[in-house]
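Engineer: Protein chains in written order, with the working numbering: chain A, 1 to 209; chain B, 210 to 418. We put the beta carbon where it would ideally sit given N, CA and C, even for glycine. Keep in mind it's a predicted model, so treat the numbers as computed, not measured.
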DNA sequence: ACAGTACCTGCATTCAGTGCAGAAATACAA
DNA sequence: TTGTATTTCTGCACTGAATGCAGGTACTGT
């Protein structure tokens with residue numbers, strides 16, 4: 001996941017390295033001292049850069065928690081582009097959203113787990129997460145509309161993507177509130193999948209075109 | 210809409226009055242100078258209270274734009290409570306959401322119009338709006354689940370409400386982006402209403418329960 | 001090695017938001 | 001009305017995020 005892509009010059013590699021150490025330092029400090037009690041100055045110091053310089057890497061403290069939000073959207077867009085001529089919009093969308101992990105997949109690494117916790121606990125972080133989600137939604141909808149010009153206008157595409165993302169988000173929200181203890185991920189996932197399939201049944205069945 | 214409810218003592222009436230003049234002053238100043246360039250100190254001064262005191266009326270600058278977010282949720286909850294025994298969850302939910310105006314109703318007063326504009330233009334405001342929406346969603350879902358214990362568990366209710374709100378929001382978003390010029394409110398409103406009905410159509414046809 | 005460009009950094013500044021402590025206003029009982 | 005308890009207001013001092021600026025530093029391509 002962390003790629004010091006070759007083919008960059010010194011400057012860019014250095015920049016990527018520093019960016020990564022900012023994320024690492026922040027993860028460490030947020031876990032140890034809490035989000036609010038960690039200052040941007042602390043993080044910058046831990047990564048050995050000036051406080052001022054921090055803001056040329058991340059536009060705000062919250063951004064530290066979403067360092068690769070673009071990849072996910074890109075993955076979804078690619079999935080739409082790589083559709084089969086036989087596919088319906090819904091099928092393509094389901095596949096695309098599965099790739100982005102619609103907000104709930106990787107409980108694997110520390111950052112993802114931390115992010116999930118802070119989204120619940122810190123309003124500023126939740127606000128940022130929702131904005132990123134909305135942006136992603138809009139981009140995906142735009143691409144979907146373009147991919148199926150015969151079957152979807154832009155408004156319908158917006159509604160469709162909104163419904164899917166909303167259903168998953170709504171379900172995940174409840175599940176996470178109900179499980180302060182870490183009820184194992186498998187079970188969590190299947191609960192969400194069942195709920196969303198109920199909520200979205202109307203969209204799934206109608207083969208509307 | 211603005212009620213200096215009787216039956217309050219002097220203190221409470223005074224407080225309500227000051228609160229209202231804060232909202233008024235803010236509306237005025239935001240329109241005149243822009244959101245970013247209006248400081249909390251300006252607003253407090255315009256309403257004749259100390260800067261510090263402002264924060265005992267509103268927890269943040271953004272809150273000024275959402276002074277009655279509770280009424281809307283309450284209306285939806287009431288609509289759920291007032292359901293007919295024959296109703297399906299979907300029917301009740303549609304009625305409830307129509308009441309809250311799912312984010313787009315009153316293009317009538319200045320504050321509402323301003324809010325709509327600032328949600329698009331100012332990230333901090335958009336973030337707050339999304340949080341309020343999510344909160345509302347969760348409350349409505351909780352009540353819906355309680356109202357239909359046989360047909361919905363809490364997770365399914367979350368998914369259903371999320372899907373509805375997501376669909377409407379997604380559709381409305383597209384419509385509003387398509388109208389950068391102030392296409393007069395009437396037209397916007399009808400466009401939004403059409404978008405909403407498009408978004409909800411999939412659920413309206415199937416009589417699933 | 002050199003010039004040109006991009007980046008880093010400290011300093012000063014603005015503004016949102018909080019804690020505190022004393023002054024002011026209001027409620028309530030007698 | 002008066003006096004007392006309680007709530008609310010307000011200035012002051014402070015923290016911390018974020019931005020503009022100006023000069024220094026480091027990398028690039030030739």
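I need the straight-line Cα distance from residue 364 (chain B) to residue 162 (chain A), nearest angstrom please.
Structural biologist: 18 Å
Engineer: Interface residues of chain A around residue 365 (chain B) at Cβ under 7 Å?
Structural biologist: 195, 198 and 199
Engineer: Determine whether the beta carbon atoms of residue 252 (chain B) and residue 235 (chain B) lie at a separation below 8 Å.
Structural biologist: yes
Engineer: Quick one: give me the first and last residue of the alpha helix (DSSP H) that residue 345 (chain B) is part of.
Structural biologist: Run containing residue 345 (chain B): 332-356, per the alpha helix (DSSP H) assignment.
Engineer: Following the continuous alpha helix (DSSP H) through residue 21 (chain A), name the residue where it begins and the one where it ends.
Structural biologist: 10-33
Engineer: Are the region 134-145 of chain A and the region 186-204 of chain A touching, with three or more C-beta to C-beta distances below 8 Å?
Structural biologist: no
Engineer: Can you pull the chain A neighbours of residue 368 (chain B), defined as C-beta to C-beta under 7 Å?
Structural biologist: 167, 170, 171, 195, 196, 198 and 199
Engineer: Let me check understanding here. Comparing Cα to Cα, which of B:242, B:293, B:306 and B:333 lies closest to residue 282 (chain B)?
Structural biologist: B:306
Engineer: Buried or exposed for residue 89 (chain A), going by 16 or more other Cβ atoms inside 10 Å?
Structural biologist: buried
Engineer: Find out if the Cβ-Cβ distance for the pair residue 95 (chain A), residue 81 (chain A) is shorter than 8 Å.
Structural biologist: no
Engineer: What does a CB cutoff of less than 6 Å around residue 190 (chain A) pick up in its chain, not counting 5 residues either side in sequence?
Structural biologist: Closer than 6 Å at the Cβ level, and outside the excluded window around residue 190 (chain A), lies no residue.
Engineer: Helix or strand or just coil, what does DSSP make of residue 177 (chain A)?
Structural biologist: Three-state result, residue 177 (chain A): helix.
Engineer: Compare the C-beta of residue 128 (chain A) with all C-beta atoms of chain B and state if any pair is closer than 8 Å.
Structural biologist: yes
Engineer: Quick one: Cα of residue 11 (chain A) to Cα of residue 374 (chain B), how far?
Structural biologist: 46 Å
Engineer: Residue 267 (chain B) by DSSP, collapsed to three states: which one?
Structural biologist: coil
Engineer: From A:198, A:188 and A:157, pick the residue whose C-alpha is nearest to that of residue 405 (chain B); which is it?
Structural biologist: A:157
Engineer: My output table needs one value for residue 158 (chain A): the three-state DSSP class, helix, strand or coil.
Structural biologist: helix
Engineer: In three-state DSSP terms, what is residue 48 (chain A)?
Structural biologist: In the three-state DSSP reduction, residue 48 (chain A) falls in the coil class, being neither helix nor strand.
Engineer: Going by beta-carbon coordinates alone, are residue 232 (chain B) and residue 271 (chain B) separated by less than 8 Å?
Structural biologist: With a cutoff of 8 Å on beta-carbon distance, residue 232 (chain B) and residue 271 (chain B) are scored as not near each other.
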